[in-house]
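Peer 1:
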């Protein structure tokens, strides 16, 4: 009947509106806030790395980089996973909920002196480490 159809339409449009307001998906109001943008330093390398790292390899990454590796069985928000992750991907300008920017810079410096890892890439704020 008319009332049921109106209610369904109201609920559907409310759901779409709420998703647009609060979702970080592309095309929404906040879309792209946790994504690598086209001008991001090293984006071509990170895209290549996303497909070349073995699927069973574990990854620790900062917030903007992490979604590109999220389908893995073992993904850690940086700095969690240091010592466990096969690859560590860090953007120093990407402070998350765990570390501030100065703490991320210090963690990257510590990683560069960590005998368990070697730095395989650096471009501006982006560093990639691989477990030895």
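Numbering (the numbering used here), first residue to last: 1 to 132.
Built from N, CA and C at the ideal position, the CB exists for glycine as well.
1) With distances taken from CA atoms, which of 70, 91, 64, 15 is nearest residue 57?
2) Within the continuous alpha helix (DSSP H) that includes residue 126, where are the two ends?
3) Would you say the region 80-93 touches the region 4-17, given that touching needs at least three Cβ pairs under 8 Å?
4) Alpha carbon to alpha carbon, how far is residue 106 from residue 16?
5) For residue 61, which of 103, 117, 80 has the nearest alpha-carbon?
6) What are the residues that DSSP puts in a beta bridge with residue 77?
7) Tell me which residue opens and which closes the alpha helix (DSSP H) that residue 111 is part of.
8) Quick check on the DSSP output: the beta strand (DSSP E) that includes residue 120 runs from which residue to which?
9) Look at the alpha carbon of residue 72 and the alpha carbon of residue 59, and state the distance between them as a whole number of angstroms.
10) Tell me the rounded alpha-carbon separation between residue 45 and residue 78.
Peer 2: From the atom records:
1) 70
2) First-last for residue 126: 126-131, but that is the beta strand (DSSP E), not the alpha helix (DSSP H).
3) no
4) 42 Å
5) 80
6) 61
7) 101-112
8) 117-123
9) 8 Å
10) 19 Å
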